[in-house]
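As structure tokens, this is what we get:
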């Protein structure tokens, strides 16, 4: 079902699945060119363009997984309205496969970046930490998608609000800039940003080869549990009404 979801997105196009990888890579190239080579972004006084590019990739790839997964997951039920109305089946599957689909395309890019890190720096610790971070990130995104997908069934404007939040979220999270650039008050506020501990964990893995601290991973895990448990609970409470409202 996941591969059908990916193929369906580009059905009818000549490039087909090629666009599934080309689009995020093109956007990544634009971000790196603009921020690293034009704005001269550096994550530290001794870091060069290469390290800064890796820092950007380490934040952008997982960000794209969350952004696309949440966007697809939010509309997963209303886009399959006729199926839900005609057939009785676990509707959670529709949202789960929508969230899982971008994990394959962006996940390939993350694995290639990890391979580069292992070959050129010998940081084998990333092999143990990376799958675990990806795993909890999936449930973090799925939990949010359960909430927004259920809400969109009753209030279609939620889908538009989610897109606005996604567009803002990338700029209020240290993805395109390092945390050290922020004032002290903003650094403290960042702990209330549920995406921040995930991005920080990825960036420390790819830049330093291992998590900078266990604290960020624990924060990420807590956010994942909170969103998944609350999202799954609300989704299951409302699912019996989906067919009537769709």
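Numbering (the working numbering), first residue to last: 7 to 252. Where a beta carbon is used, it is the ideal one built from N, C-alpha and C, also for glycine. Model, not experiment: these values are computed from the prediction.
{"query": "Close Cβ partners of residue 249 (< 8 Å) along its chain, the five nearest in sequence each way excluded", "result": "90 and 91"}
{"query": "Assigned secondary structure, residue 135 (DSSP; H/G/I helix, E/B strand, else coil)", "result": "helix"}
{"query": "Exposed unless 16 or more other CB atoms sit within 10 angstroms - verdict on residue 35", "result": "exposed"}
{"query": "Through-space distance from residue 214 to residue 168, alpha-carbon basis", "result": "33 Å"}
{"query": "Inter-residue spacing [alpha-carbon to alpha-carbon] between residue 128 and residue 210", "result": "15 Å"}
{"query": "Within 8 Å, strictly: CB atoms of residue 223 and residue 119", "result": "no"}
{"query": "Assigned exposure category for residue 192 - 16 Cβ within 10 Å defines buried", "result": "exposed"}
{"query": "Distance, residue 125 Cα to residue 84 Cα", "result": "45 Å"}
{"query": "For residue 116 and residue 39, the rounded distance between their alpha carbons", "result": "19 Å"}
{"query": "Beta-carbon gap between residue 78 and residue 107 smaller than 8 Å", "result": "yes"}
{"query": "Residue 72 and residue 201 closer than 8 Å at C-beta", "result": "yes"}
{"query": "Local Cβ density within 10 Å of residue 62, reported as buried at 16 or more and exposed below that", "result": "buried"}
{"query": "Continuous alpha helix (DSSP H) stretch holding residue 244: start and end", "result": "220 to 244"}
{"query": "Nearest residue (CA-CA) to residue 150, options 100, 237, 136 and 188", "result": "237"}
{"query": "Between the CA atoms of residue 87 and residue 42 - distance to the nearest angstrom", "result": "44 Å"}
{"query": "Whole-number beta carbon distance between residue 146 and residue 233, since they are thought to touch under 8 Å", "result": "6 Å"}
{"query": "Integer Cβ distance of residue 208 from residue 64, believed to fall under 8 Å", "result": "5 Å"}
{"query": "Element boundaries [alpha helix (DSSP H), containing residue 214]", "result": "202 to 214"}
{"query": "Simplified DSSP assignment, three categories, for residue 9", "result": "For residue 9, the predicted model reports a pLDDT of 49, less than 50, meaning its position is unreliable and no value from the coordinates is stated."}
{"query": "Exposure label - residue 187; buried when at least 16 CB within 10 Å", "result": "exposed"}
{"query": "Residues of its chain near residue 255, where Cβ-Cβ distance is below 7 Å and the 5 sequence neighbours each way are ignored", "result": "The structure shown does not extend to residue 255, since the chain spans only 7 to 252, so no value can be given for it."}
{"query": "Secondary structure, alpha helix (DSSP H): runs of 4+ residues fully inside the stretch 100 to 166", "result": "131 to 160"}
{"query": "Helix, strand or coil at residue 77 according to DSSP, with G and I counted as helix", "result": "helix"}
{"query": "Distance between residue 81 and residue 205 (C-alpha atoms, nearest Å)", "result": "25 Å"}
{"query": "Within 8 Å, strictly: CB atoms of residue 95 and residue 152", "result": "no"}
{"query": "Span of the alpha helix (DSSP H), counted from its first residue to its last, around residue 190", "result": "190 to 195"}
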